[in-house]
Amino acid sequence: MIQNTIKKGFMGHMQLGSATTEYTNLYDKGLLYPIARQPQRAEHGIEPNNAPFAGRDLWNAYEFTYLTPQGKPTADVLQIEVPFNSSAIIESKSMKLYLGSFAGTRFEGLEAVIECLERDLTAACEGLVQVRSVDPEPVSVLSARLEAAHCLDDEAVGVPEGGYSTDTLSLASSEVAEVTYYSDLFRSLCPMTGQPDFARIILRMTGPQLARPGLLQYLFSYREHGEFAEQVAERLFMDLYQAAKPSKLGVRAEFTRRGGIDINAERVLGYRDWDYVRHYRQ
């Protein structure tokens with residue numbers, strides 16, 4: 051199984067997820083652990099360089115620090131953007147350890163730090179990674195992008211038996227409409243450690259309408275399912291595309307932060323300019 055192979059290599063790379071994990075504050079790009087995208091995509095019938103979606107993975111790193119030439123610590127918030135068509139993703143704890151390795155290392159300034167980060171991450175992901183420093187902004191409980199969205203969480207359904215399944219997905223209407231749904235009740239598991247990962251899921255669709263109760267149950271079926279954030283977003287996209295055949299589809303899995311980092315995986319077909327705004331659980 052793909053996940054078992056990844057986990058074996060991951061644990062061999064470093065003792066992540068265990069009490070013996072060693073943290074360093076001296077810069078070390080060797081801490082990064084890339085994971086190829088294609089094996090998981092192949093399970094969905096996606097051929098190399100022929101994905102039916104575009105998108106990006108946005109990482110927010112809220113606890114980044116390095117030393118100035120005088121040895122003074124800094125406090126920065128970074129946003130890291132990985133393109134959907136990079137060859138690899140980065141395992142999240144290895145990213146945390148890598149970013150933490152800057153804490154005791156002196157750099158000429160933030161520009162030099164960003165150049166270093168972009169160079170290392172681009173090489174590891176085999177795709178052009180962009181890094182920027184961002185100013186922390188006040189978080190709105192409901193941002194403007196969700197004002198016209200339908201919250202699925204009031205549907206009177208429970209977790210389906212048997213784990214992950216698409217069986218509850220069905221059409222409520224063949225009439226074409228554009229809708230946006232979201233849920234704050236999503237949970238999946240880290241495939242490496244088994245720890246729970248929580249997320250807001252946002253779905254944009256133009257096409258036949260899915261039945262909302264079954265759609266929420268489908269999201270519930272991930273509660274004991276182990277996949278990386280990026281893989282979750284792609285599975286959501288492929289399942290919903292197969293179920294409704296929409297002309298436009300957007301999926302964003304906005305995971306809550308763990309270890310000072312959150313991941314926001316976005317996959318889209320037909321939509322452009324879908325801005326990301328941090329939500330209250332991040």
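For the sequence shown, the positions run 51 to 332 when my numbering is used.
Every residue gets a Cβ at the ideal spot worked out from N, C-alpha and C, and that includes glycine.
Scanning the region 71-159 from its first residue to its last, the whole alpha helix (DSSP H) runs of 4-plus residues come out as 88-92, 142-150.
Only residues of its own chain outside the window of five on either side were considered, and among them Leu147, Gly150 have a CB closer than 7 Å to the CB of Tyr73, listed in chain order. For Ala303, the uninterrupted beta strand (DSSP E) run begins and ends at 298-305, by DSSP.
Inclusion of Leu221 and Gln259 in the CB contact set at 9 Å is warranted, their separation being smaller than that value. Minimum Cα-Cα distance from Tyr231 among the listed residues Gly244, Ala261, Thr216 corresponds to Ala261.
Ser224 counts as exposed, since fewer than 16 other C-beta atoms from the protein chains shown sit within 10 angstroms of its C-beta.
The C-alpha of Arg331 lies about 8 Å from the C-alpha of Arg307.
Glu228 carries a strand assignment under DSSP once its states are collapsed to helix, strand and coil. For Arg182, the enclosing beta strand (DSSP E) starts and ends at 180-183.
DSSP, reduced to helix, strand and coil, places Thr218 outside both helices and strands of the structure shown, so it counts as coil. In the structure shown, the three-state DSSP call for Gly276 is strand. If the five residues before and after Asp126 are omitted, its C-beta is found closer than 6 Å to the C-beta atoms of Phe114, Ser183, all from its own chain and listed in chain order.
Excluding residues up to 5 positions away in sequence, Leu219, Leu253, Met255, Leu260, Pro296, Leu299, Val301 lie with their Cβ nearer than 8 Å to the Cβ of Leu290 in the same chain. The count of Cβ pairs closer than 8 Å, one atom from the region 168-187 and one from the region 195-213, stays below three, leaving the stretches out of contact. Here Val163 is buried: its Cβ has 16 or more other Cβ atoms, across all protein chains shown, within 10 Å. The secondary-structure analysis by DSSP pairs Met255 across a beta bridge with Val229, Leu299. Counting only the Cα atoms, Lys143 lies some 9 Å from Tyr83.
The beta carbon of Pro263 lies closer than 7 Å to those of Glu205, Val207 in the same chain, with the five residues before and after it left out.
With contacts defined by Cβ atoms closer than 9 Å, Ala104 and Leu319 form a contacting pair. Counting the other Cβ atoms within 10 Å of the Cβ of Asn99 gives fewer than 16, which makes it exposed. A buried status is given to Gln90, since no fewer than 16 other beta-carbon atoms sit within 10 Å of its beta-carbon.
Each residue's CA atom was taken as its position, placing Pro246 and Leu108 some 20 Å apart. Of all alpha-carbon atoms in Arg250, Phe152, Glu274, Met145, the one lying nearest the alpha-carbon of Ala283 is that of Arg250. The residue among Leu117, Glu141, His275 with its C-alpha nearest the C-alpha of Asp312 is Glu141.
It is roughly 14 Å from the alpha-carbon of Glu93 to the alpha-carbon of Glu280.
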